[in-house]
Amino acid sequence: MGDTLSGMIGGLLAQGYDPFDAASIGVYLHSQSAQMLSRLRGPLGFGASELAHNLPSVWRQLLG
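Position one of the sequence shown corresponds to residue 1 (the UniProt record's numbering), numbered consecutively onward.
Below you can see the structure in the form of structure tokens.
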């Protein structure tokens, strides 16, 4: 999961976000995606790629 978080933060940095903001937003989105998947999947868990693929749903929820 750390690779996913690092990639998210790196992507935000590449878009011009301040490093602190990029880290804060990345951690928040990462945790929201994990919580959403936990509610859907239950105790069986999920992989890092599923966490990344769920990010558009998290963005929609935040912006919607």
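Yeah, the Cβ is synthetic: ideal placement off N, Cα and C, and Gly gets one too.
Q: Quick one: measure Cβ to Cβ for Leu51 and Leu37, integer angstroms, because I've assumed they're closer than 8 Å.
A: 6 Å
Q) Cβ of Leu12 within 9 Å of Cβ of Gly26? A) Yes, they are a contact pair.
Q) Ala22 to Gln15, Cα distance in whole Å? A) 9 Å
Q | Cβ shell of Leu55 (< 8 Å), same chain only, five flanking positions each side left out | A | Met8, Leu29, Ser33
Q) In this structure, does DSSP put Met1 in helix, strand or coil? A) coil
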